[in-house]
Ligand code: 5GP
Ligand code: MG
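Numbering (the working numbering), first residue to last: -15 to 164.
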């Protein structure tokens, strides 16, 4: 795995520190409105971020999973998002926090935010670890952002290429010859 990595963009120590800060920001936002909180992580890219974030969040919460595929297989250009796994829990009347790995073109989040509105969520907020500001569209609102990055295809800390590298602890860029 290591030999496929061209460079580390964000070191795991910096991720850890930022995720702790984000948890504090999120915790403050929900103080006084803690009841009926459901986190909706978008699988699979958000799994590591979710695991680290929720253990820093001293809020009572449920978790409802949803899986949307935007980059199937070895695609590095976004395709039309497909719902691969329907939402696994009830969100009607609940405060919902969507958790995703990255805001890129915004298609995935637009779709999930719309789905949660249709299902009658009381409030919808969104936390992403990464955002590519060069591409993020103005109509897709995110409330909590870990890091803004350049428009590069990144892997690690949950993010994959062809379902590999999710377990790489840092956010990194692959060598050009790995991604044809
Ligand atoms: P969007 O719908 O905003 O274009 O893309 C969101 C989803 O596409 C993310 O949840 C993530 O799974 C995937 N994605 C977007 N950009 C990247 C990237 O740079 N690297 C990887 N590995 N996945 C990405
Ligand atoms: Mg994803």
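Ideal placement from N, C-alpha and C gives every residue a C-beta, glycine not left out.
For residue j and residue i, the rounded distance between their alpha carbons
i           : j           : result
residue 86  : residue 75  : 22 Å
residue 78  : residue 147 : 32 Å
residue -3  : residue 143 : 17 Å
residue 72  : residue 24  : 9 Å
residue 160 : residue 14  : 42 Å
residue 31  : residue -14 : 21 Å
residue 163 : residue 136 : 12 Å
residue 49  : residue 70  : 8 Å
residue 127 : residue 34  : 16 Å
residue 95  : residue 141 : 23 Å
Status (buried if at least 16 other CB within 10 Å, exposed otherwise) for residue i
i           : result
residue -10 : exposed
residue 158 : buried
residue 88  : buried
residue 101 : exposed
residue 39  : exposed
Nearest candidate by alpha-carbon position, reference residue i, set the options
i           : options          : result
residue 93  : 10, 11, 135, 65  : 65
residue 112 : 29, 164, 154, 46 : 29
residue 41  : 26, 106, 18      : 18
Cutoff 7 Å; reference residue i; Cβ partners in own chain excluding five residues on either side
i          : result
residue -6 : 131, 154, 155
residue 68 : 51, 52, 53
Cβ neighbours of residue i in the same chain (closer than 8 Å, five flanking residues each side left out)
i           : result
residue 37  : 3, 6, 7, 10, 83, 111
residue 118 : 134, 135
residue 90  : 119, 120, 121, 123, 124
Bridge partners - residue i, DSSP secondary structure assignment
i           : result
residue 156 : -8, 139
residue 145 : 148
residue 22  : 46, 80
residue 40  : DSSP, once it has assigned bridges, lists no residue as partnering residue 40.
Proximal residues to residue i (C-beta, below 6 Å), its chain only, five neighbours per side dropped
i           : result
residue 115 : 87, 129, 132
residue 22  : 46, 48, 75, 78, 80
residue 149 : 139, 140
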